[in-house]
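Engineer:
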Amino acid sequence: MRFTIQQIAQSLGAEAAGDLELTVTRASEPADATADALALAMSPKYAEELSAGNAEAAVVWPDADWRAMGLKAAIFAPRPRMAMAGVTVMMDAGQGEGQGIHPSAVVDPTARIGENVSIGPLCVIGANAVIGNGSVIGPHCVVGIDVKLGENAHLREMVSIGARATIGDRFRAQPGVRIGSDGFSFVTPEVSGVENARKSMGDSGDAKAQSWMRIHSIGAVEIGDDVEIGANSTIDNGTIRNTVIGSGTKLDNLVHVGHNSRVGQDCLLCGQVGLSGSVEIGNNTVLGGQVGVADNLFLGAGVIAAGATKILSNVPDGRVMMGYPAVKMETHTEIYKAQRRLPRILRDVDALKKAVSKLTSSD
Amino acid sequence: MRFTIQQIAQSLGAEAAGDLELTVTRASEPADATADALALAMSPKYAEELSAGNAEAAVVWPDADWRAMGLKAAIFAPRPRMAMAGVTVMMDAGQGEGQGIHPSAVVDPTARIGENVSIGPLCVIGANAVIGNGSVIGPHCVVGIDVKLGENAHLREMVSIGARATIGDRFRAQPGVRIGSDGFSFVTPEVSGVENARKSMGDSGDAKAQSWMRIHSIGAVEIGDDVEIGANSTIDNGTIRNTVIGSGTKLDNLVHVGHNSRVGQDCLLCGQVGLSGSVEIGNNTVLGGQVGVADNLFLGAGVIAAGATKILSNVPDGRVMMGYPAVKMETHTEIYKAQRRLPRILRDVDALKKAVSKLTSSD
Amino acid sequence: MRFTIQQIAQSLGAEAAGDLELTVTRASEPADATADALALAMSPKYAEELSAGNAEAAVVWPDADWRAMGLKAAIFAPRPRMAMAGVTVMMDAGQGEGQGIHPSAVVDPTARIGENVSIGPLCVIGANAVIGNGSVIGPHCVVGIDVKLGENAHLREMVSIGARATIGDRFRAQPGVRIGSDGFSFVTPEVSGVENARKSMGDSGDAKAQSWMRIHSIGAVEIGDDVEIGANSTIDNGTIRNTVIGSGTKLDNLVHVGHNSRVGQDCLLCGQVGLSGSVEIGNNTVLGGQVGVADNLFLGAGVIAAGATKILSNVPDGRVMMGYPAVKMETHTEIYKAQRRLPRILRDVDALKKAVSKLTSSD
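Residue numbers (UniProt numbering), protein chains in the order written: chain A, 1 to 363; chain B, 1 to 363; chain C, 1 to 363.
The structure is reproduced here in structure tokens:
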């Protein structure tokens with residue numbers, strides 16, 4: 001597809017200058033740009049590459065001297081990543097899904113498929129499932145019985161949604177997402193070593209060896225509007241109530257959300273984050289990659305946890321956390337600096353002991 | 001389905017009181033209960049919600065004054081989570097799998113399918129695979145050649161089982177489970193930097209850059225009875241011998257079991273646990289979420305590792321572990337408390353140095 | 001298949017002795033060997049098992065007295081794991097894939113399928129996809145539009161490759177691999193708490209609650225020759241440029257490679273490693289299991305990171321790293337030893353304070 005600079009600037013709500021009728025078909029990094037590409041160069045650090053390259057049009061920083069860099073047209077981006085959002089959505093060439101229901105799909109006759117829905121090859125749509133208007137279901141997806149999926153969803157290939165999940169509008173699922181797996185919930189007939197160790201903070205007591213009884217998940221998964229879930233992430237069903245993901249929340253790849261957890265609105269859970277069971281998280285909270293949250297904890301709104309933070313106790317609103325176990329980031333930094341000095345302190349303490357011992361004996 | 005209070009109490013082996021002929025069709029949290037729901041309120045903390053809600057029947061704590069909370073019938077649960085196991089198995093509405101072999105499934109004519117087996121849409125069953133009586137294979141599963149799967153298995157959608165795996169009875173696999181992926185095993189023609197660094201504890205030496213040769217996995221995966229594996233978890237084939245998961249062991253989501261590892265019986269491996277190659281684990285051991293175990297280690301029976309523990313050396317029977325590197329939980333707590341005091345100690349040591357220096361010079 | 005000792009020795013480029021016409025059909029551990037098995041006993045520690053077992057032929061250590069252990073033939077392995085590579089590739093019984101295109105596969109008529117390609121049951125091959133000669137595509141794979149897959153690839157079951165990925169020769173993908181998921185890239189209209197916290201190292205400032213705008217991934221994934229990717233691992237598309245995996249690099253299971261990252265040649269990324277966005281890694285670097293790398297970092301060539309290391313800053317060539325945050329392994333060892341001594345140091349400092357206070361007052 002071909003866009004004029006005018007069209008792109010309008011879509012971004014941005015100022016533009018130069019030949020606004022110039023057209024481009026793709027976006028590129030400044031160094032790789034050809035004449036048909038819009039170079040994305042939203043910072044002065046790209047000035048040299050831009051000058052050296054073949055771009056004729058670019059998105060540039062606000063006061064860029066675009067003519068000096070050999071451009072015929074420029075779009076000015078006050079907030080670079082916002083411009084990135086606008087340009088990439090226009091230029092996305094997509095996955096080539098077809099229209100309508102592919103003949104190889106297995107769709108239960110009781111399923112209610114909305115208008116302008118695309119269902120890819122070899123999908124399975126269960127009994128009484130509802131799929132909202134305009135939704136696109138990629139190849140090899142499984143939508144379980146009694147699932148309600150909203151409008152304008154986009155499922156990539158091999159997504160599975162278990163029975164009775166309810167999902168809002170504009171849902172996006174990357175390949176291999178698992179919604180509605182059973183929760184990991186087991187119990188021993190008598191008190192177990194784990195229960196003892198949790199109570200005593202470290203002593204598993206004299207619990208005998210026992211087998212595990214399964215607690216079934218009779219709750220489901222409930223997802224708001226505008227949620228996106230990354231490749232091969234898993235969201236378990238709740239035990240009795242539902243596991244909940246709030247509207248506007250985004251999960252990265254390989255994230256694990258345990259049963260009964262409730263994640264607020266507009267949160268980000270980065271790659272490989274793990275929430276064990278019954279975690280509650282407020283709105284606008286951001287968990288960095290590989291963060292872990294122990295079970296039954298409350299995290300407030302606007303919490304930020306740096307990558308690899310392991311959260312073992314409740315966190316109030318707005319706190320920035322780091323470490324294992326997680327502490328306030330400034331505390332972590334203080335502890336960490338002290339740790340780096342530790343070997344020297346050991347030597348200091350040894351020297352002090354000698355000096356004091358000498359003083360004491362000579363006293 | 002509709003159950004009387006009498007039926008449920010009998011199934012739980014629990015005492016009940018009130019109108020035992022009252023019927024319910026589902027279970028719910030106390031606050032959400034309607035007249036057709038059995039409220040699960042196994043602790044006095046639910047008393048208020050129960051009184052305020054519309055439940056007519058509930059599972060309650062042993063000495064609960066159920067009439068005062070407006071109930072017509074009550075079941076008494078001495079061990080709440082055991083009651084949860086009993087109620088949820090009765091109330092589980094399942095995934096709606098059909099009966100028999102779906103016409104879209106691709107079943108090799110040499111596969112031996114037991115009685116009352118359900119094979120979902122678009123499954124692939126390989127040559128000489130054996131599937132035991134009463135097993136339910138969800139949609140989009142792949143069962144490889146020469147696989148032996150026991151009786152009464154329940155595979156959710158999109159489970160894959162590689163060639164020659166042997167699996168006991170009552171196996172449960174959540175969506176996206178991968179059994180029998182090849183092990184991660186490579187070798188360089190000459191000694192590599194990693195080999196040097198492991199020997200010297202930190203020096204990769206002068207190993208030259210080399211490419212990796214593949215060691216194929218000619219072992220398979222061997223799984224006992226009553227095992228459950230969580231969504232998108234992966235279990236690699238062994239190199240020569242089999243990778244083994246003992247009877248009664250349960251794995252959560254996104255768990256990685258490396259080649260040649262042998263996990264004992266009745267263990268729990270929580271979400272995102274990773275076992276590298278050739279790890280051996282005794283019976284009844286519990287690894288919390290995101291625990292990692294380095295290769296070639298032995299963990300005893302009844303070991304408990306708190307969430308995010310990274311185990312870098314062998315662990316004897318019954319030990320409770322925490323930290324990175326893992327230490328006994330009580331040692332971890334002691335070190336951690338000391339760490340929190342570290343910044344103050346630094347100031348103390350500085351003050352001591354000044355004081356002693358003054359004393360020494362005035363000496 | 002049946003091999004003579006002669007054939008195996010020749011294939012390994014190794015010396016052999018005894019009855020070179022003896023045949024075996026499989027490899028086994030020394031203790032499990034039967035007369036048709038080649039025992040793999042490349043270290044003197046297996047001497048006893050070998051003598052006790054039923055093996056007639058074995059791969060043994062260089063100066064092994066094979067006749068004394070009851071063997072009729074022996075192959076001598078100077079580098080055991082290299083021998084393992086050679087023997088296992090010969091003995092690998094494979095997954096039983098068929099020849100040609102299975103009739104249940106959905107192959108777009110514009111796809112270009114090479115010679116001697118096997119496409120398994122229920123695969124989906126998109127428009128304009130190219131599959132090189134000799135490639136084997138297991139059951140239930142999805143190859144997207146405009147994908148270029150080289151020669152002699154081997155995809156296990158349920159692998160998905162998103163639109164426009166380009167992949168070299170001899171690619172191997174374990175079950176459930178996801179290539180070409182969209183990157184995790186979002187932006188708020190105004191400055192977010194995360195941006196504030198990163199700048200201030202811990203203060204999220206007064207950023208207001210905002211929703212996330214999506215940055216689409218219009219780049220793809222680019223993979224060199226001889227790459228292998230483990231089960232359920234995920235590799236995201238780049239935002240503008242491609243995400244790149246260099247030739248000869250191997251990824252284990254459940255690894256996450258974020259958008260724009262570029263991994264060099266002949267690297268190993270072990271189980272559950274996570275690379276956030278825009279990470280660059282040199283050649284021959286090895287990251288142990290559960291290692292995490294924060295976004296926009298550079299790791300040099302020949303870097304080694306021990307399991308569970310969390311890398312939060314750039315790492316120069318050849319460095320061996322450990323810890324969270326990652327430091328040089330020898331620094332980590334020093335800090336760790338000091339930490340273990342911490343509780344004692346606390347007591348020492350308290351004693352010193354008392355002693356000095358006494359000295360000062362008596363001064």
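Note that the Cβ used here is the ideal one computed from N, Cα and C, for glycine as well.
Less than 7 Å separating the beta-carbons of Gly277/A and Gly258/A?
Structural biologist: Gly258/A is positioned such that its CB atom lies closer than 7 Å to that of Gly277/A.
Engineer: Under 7 Å Cβ-Cβ, which residues of chain E neighbour His216/A?
Structural biologist: Among the protein chains in the structure shown, which are A, B and C, there is no chain E.
Engineer: Would you call the CB atoms of Ile310/B and Ala301/C closer than 7 Å?
Structural biologist: Residue 310/B is actually Lys in this sequence, not Ile. No; because the gap between Cβ atoms is not below 7 Å, this pair is not in contact.
Engineer: Identify the continuous beta strand (DSSP E) that holds Gly18/C and give its terminal residues.
Structural biologist: 16–18
Engineer: So, is the C-beta of Phe186/B closer than 7 Å to a C-beta in chain C?
Structural biologist: yes
Engineer: Please look up how many angstroms separate the CB atoms of Gly168/B and Ile113/B, rounded, as I've assumed it's under 8 Å.
Structural biologist: Their Cβ separation, rounded to whole angstroms, is 18 Å, which puts Gly168/B and Ile113/B out of contact at 8 Å.
Engineer: Going by DSSP in three states, Thr333/B sits in which element: helix, strand or coil?
Structural biologist: In the displayed model, Thr333/B falls within a helix according to three-state DSSP.
Engineer: List the residues of chain A whose Cβ lies closer than 9 Å to the Cβ of Val356/C, in chain order.
Structural biologist: Near Val356/C (Cβ distances below 9 Å), the residues of chain A are Leu352, Val356, Leu359.
Engineer: Which class does Met321/B belong to by DSSP, given the choice of helix, strand or coil?
Structural biologist: strand
Engineer: Inspect the beta-carbon positions of His165/A and Ile145/A and report whether they are closer than 7 Å.
Structural biologist: This sequence places Ala at residue 165/A; His is not what is there. No; because the gap between Cβ atoms is not below 7 Å, this pair is not in contact.
Engineer: I'd like to know whether the C-beta atoms of Ala35/B and Ser28/B end up nearer to each other than 7 Å.
Structural biologist: Between Ala35/B and Ser28/B, the C-beta spacing is not below 7 Å.
Engineer: Identify the continuous beta strand (DSSP E) that holds Gly180/A and give its terminal residues.
Structural biologist: For Gly180/A, the enclosing beta strand (DSSP E) covers residues 178–181.
Engineer: Output, in chain order, the set of chain B residues within a Cβ distance shorter than 7 Å of Ala127/C.
Structural biologist: Per Cβ cutoff of 7 Å: no residues; Ala127/C is ~22 Å from chain B at best.
Engineer: For a cutoff of 7 Å on Cβ pairs, would you count Leu122/B as touching chain C?
Structural biologist: Chain C, which has a Cβ nearer than 7 Å to the Cβ of Leu122/B, makes this yes.
Engineer: From Val24/C to Gln6/C, what does the alpha carbon distance come to, in whole angstroms?
Structural biologist: 11 Å
Engineer: With three or more beta-carbon pairs closer than 8 Å as the criterion, would you say the segment 75–91 of chain A touches the segment 6–21 of chain A?
Structural biologist: Contact holds: three or more Cβ-Cβ distances are below 8 Å.
Engineer: Determine the closest residue to Cys270/A out of Gly134/A, Lys72/A, Val291/A, Lys358/A, with distance taken between C-alpha atoms.
Structural biologist: Val291/A
Engineer: Please look up how many angstroms separate the CB atoms of Arg156/C and Glu228/C, rounded, as I've assumed it's under 8 Å.
Structural biologist: Rounded, the Cβ-Cβ distance is 11 Å, inconsistent with contact.
Engineer: With distances taken from CA atoms, which of Gly96/B, Val59/B, Lys72/B, Leu71/B is nearest Arg81/B?
Structural biologist: Val59/B
Engineer: Indicate whether Asp108/C and Gly126/C have their beta-carbon atoms separated by less than 7 Å.
Structural biologist: yes
Engineer: Could you tell me which chain A residues have their CB closer than 8 Å to the CB of Met322/C, listed as they occur along the chain?
Structural biologist: Those within 8 Å of Met322/C in chain A number zero; the least Cβ separation is about 14 Å.
Engineer: My assumption, with CB atoms under 8 Å, is that Gly183/C sits in contact with Asn237/C. Please give the rounded CB distance.
Structural biologist: 6 Å
Engineer: For Trp61/C and Met90/C, what's the separation of their Cα atoms in angstroms?
Structural biologist: 20 Å
Engineer: What do you get for Asn260/B, buried or exposed, if any count of 16 or more other CB atoms within 10 angstroms of its CB means buried?
Structural biologist: buried
Engineer: Assuming Val303/A and Val293/A are in contact, meaning their beta carbons sit under 8 Å apart, how far apart are those beta carbons, in whole angstroms?
Structural biologist: Contact doesn't hold; Cβ gap of about 10 Å is too wide.
Engineer: With a threshold of 7 Å between beta carbons, is Ser104/C in contact with chain B?
Structural biologist: Yes, contact with chain B.
Engineer: Taking buried to mean at least 16 other C-beta atoms within 10 Å of its own C-beta, is Thr110/A buried or exposed?
Structural biologist: exposed
Engineer: Determine the DSSP secondary structure at Gly94/B, reduced to helix, strand or coil.
Structural biologist: coil
Engineer: With Thr234/B and His256/B assumed to form a contact (beta carbons below 8 Å), what rounded beta-carbon distance in angstroms separates them?
Structural biologist: 5 Å
Engineer: Let's test the definition: count the other Cβ atoms within 10 Å of the Cβ of Glu56/A and tell me whether it reaches 16, buried, or not, exposed.
Structural biologist: buried
Engineer: Cα separation between Asp32/B and Arg67/B?
Structural biologist: 19 Å
Engineer: Which residues mark the beginning and the end of the beta strand (DSSP E) in which Arg26/C is found?
Structural biologist: 26–28
Engineer: Excluding sequence positions up to five away, which residues of its chain have a Cβ less than 8 Å from the Cβ of residue 372/C?
Structural biologist: In the structure displayed, chain C extends from 1 to 363; residue 372/C sits before or after that span and is not available.
Engineer: Going straight from the alpha carbon of Ser313/C to that of Ser204/C, what length do you get?
Structural biologist: 21 Å
Engineer: Does DSSP put Ala165/B in a helix, in a strand, or in coil?
Structural biologist: coil
Engineer: Going by DSSP in three states, Val293/B sits in which element: helix, strand or coil?
Structural biologist: Three-state result, Val293/B: strand.
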